[in-house]
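Number of protein chains: 2
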Amino acid sequence: MDAERDYCPVHEAIQVLQEKWTMHIVRALLDGPLGFNELGRAVGGCNPATLKVRLDHLEDLGLLRRTVHSQMPPRTSYELAPAGVDLQRVIDAIDAWAREHLDIVAIAEVDEESSVAVG
Amino acid sequence: MDAERDYCPVHEAIQVLQEKWTMHIVRALLDGPLGFNELGRAVGGCNPATLKVRLDHLEDLGLLRRTVHSQMPPRTSYELAPAGVDLQRVIDAIDAWAREHLDIVAIAEVDEESSVAVG
DNA sequence: GGGATCACTTGACAAACTATAGCACTTTAC
DNA sequence: GTAAAGTGCTATAGTTTGTCAAGTGATCCC
Chain B
886 MDAERDYCPV HEAIQVLQEK WTMHIVRALL DGPLGFNELG RAVGGCNPAT
936 LKVRLDHLED LGLLRRTVHS QMPPRTSYEL APAGVDLQRV IDAIDAWARE
986 HLDIVAIAEV DEESSVAVG
Chain F
886 MDAERDYCPV HEAIQVLQEK WTMHIVRALL DGPLGFNELG RAVGGCNPAT
936 LKVRLDHLED LGLLRRTVHS QMPPRTSYEL APAGVDLQRV IDAIDAWARE
986 HLDIVAIAEV DEESSVAVG
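Heads up: the protein sequence lines correspond to chains B and F, in order. First residue of the first sequence? That's 886 in our numbering, and the numbers climb one at a time after it. First residue of the second sequence? That's 886 in our numbering, and the numbers climb one at a time after it.
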């Protein structure tokens, strides 16, 4: 149930990052603080329920900071904490990898390379 | 439904990597090829159904190669393709980040920092 | 005053993931 | 020679996770 038997920070990190939308959220927030709905749109349409859960989790982990500017009308901003900002390097690595390898996947779809399939 | 309207390889990459177990699978495979069950155990108990789906997806994307050594007794090995091996850098980035930031979370649990809770 | 917007919350629902059993067969142990 | 354990999967039922639609209370714009 828990990874504590042989605690591995990488495993833990992967657990966090693999939650749906988490990396998208971080990526969006790397460009600067955003409001709740704004963020939802930025990540490409995450629903508010999930978004809130993720945001809470991320805040719990100390990766982001939630600032309430006014209760009514509600106005909140979400901003990466230093630990969250450091995820930039992870996102960058993904970015570099993606440009190098996923683009060719997109190209391969247009190309005709499917003849050497495993059959 | 699809990200094709403004195709972004990073977005695509995140979609792949955020699927449950994907990064664990890659990480396990970075140490060398593994058989199906072996891999399942290596990633820490992924069930065969999900594992197969991930593996197929990863193979589709050209990130790994599946080699059938013998049909009976069944013996297959999964091995990262070059594109998959390159994910090493992503895993490394996560690794570095995790050691820097998630360890302190683990420490914080032992520490008594829970008095400033949100409640 | 009506409609849009904000940051969420709720509750019903669907999609994703999990556990477990089983298949067809070989290898190993005795 | 037989039972148990192993291989790579697949099927199915069940749980968890994520989604959709609607709604809340207040303020802004017209």
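We put the CB at the ideal spot given by N, CA and C, even for glycine. Fair warning: this is a prediction, and the values are worked out from it, not measured in the lab.
For chain B, is any of its Cβ atoms less than 8 Å away from the one on L959 (chain F)?
Counting from one through the second sequence, the residue named residue 959 (chain F) turns up at place 74. For clarity, residue 959 (chain F) is Pro in the given sequence; the question names Leu instead. For P959 (chain F), the answer is no, since every Cβ of chain B falls outside 8 Å of its Cβ.
Buried versus exposed, by CB contacts within 10 Å (16 or more), A934 (chain B)
Here residue 934 (chain B) is taken as the residue at index 49 of the first sequence, counted from 1. Looking at its Cβ environment, which holds fewer than 16 other Cβ atoms inside 10 Å, A934 (chain B) is exposed.
Hey, is the segment 940 to 957 of chain B in contact with the segment 948 to 963 of chain F, meaning 3+ C-beta pairs nearer than 8 Å?
No, they do not touch.
Can you list, in chain order, the residues of its chain with a C-beta nearer than 6 Å to that of L972 (chain F)? Leave out the 5 residues immediately preceding and following it.
Start at 1 with the first residue of the second sequence, and residue 972 (chain F) comes out as number 87. Around L972 (chain F): V911.
Inter-stretch contact (C-beta, 8 Å, three-pair minimum) for the segment 934 to 943 of chain B and the segment 976 to 986 of chain B:
Under the three-pair Cβ rule at 8 Å, the segment 934 to 943 of chain B does not count as touching the segment 976 to 986 of chain B.
To the nearest angstrom, report how far apart H909 (chain B) and V895 (chain B) are at their CA atoms.
Taking the first sequence and counting its residues from 1, the one referred to as residue 909 (chain B) is at position 24. Taking the first sequence and counting its residues from 1, the one referred to as residue 895 (chain B) is at position 10. Between the alpha carbons of H909 (chain B) and V895 (chain B) lies a distance of about 19 Å.
Let me know if E985 (chain F) comes out buried or exposed under the rule of 16 or more other beta-carbons within 10 Å of its beta-carbon.
Counted from its first residue, the second sequence places residue 985 (chain F) at position 100. Per the 10 Å Cβ criterion, exposed.
Which residue marks the beginning of the beta strand (DSSP E) containing E964 (chain F), and which one marks its end?
Here residue 964 (chain F) refers to the residue found at position 79 of the second sequence. First-last of the beta strand (DSSP E) with E964 (chain F): 960 to 965.
Helix, strand or coil for L987 (chain F) per DSSP?
Residue 987 (chain F) sits at position 102 when you count from the first residue of the second sequence. If DSSP states are grouped into helix, strand and coil, L987 (chain F) belongs with the helices.
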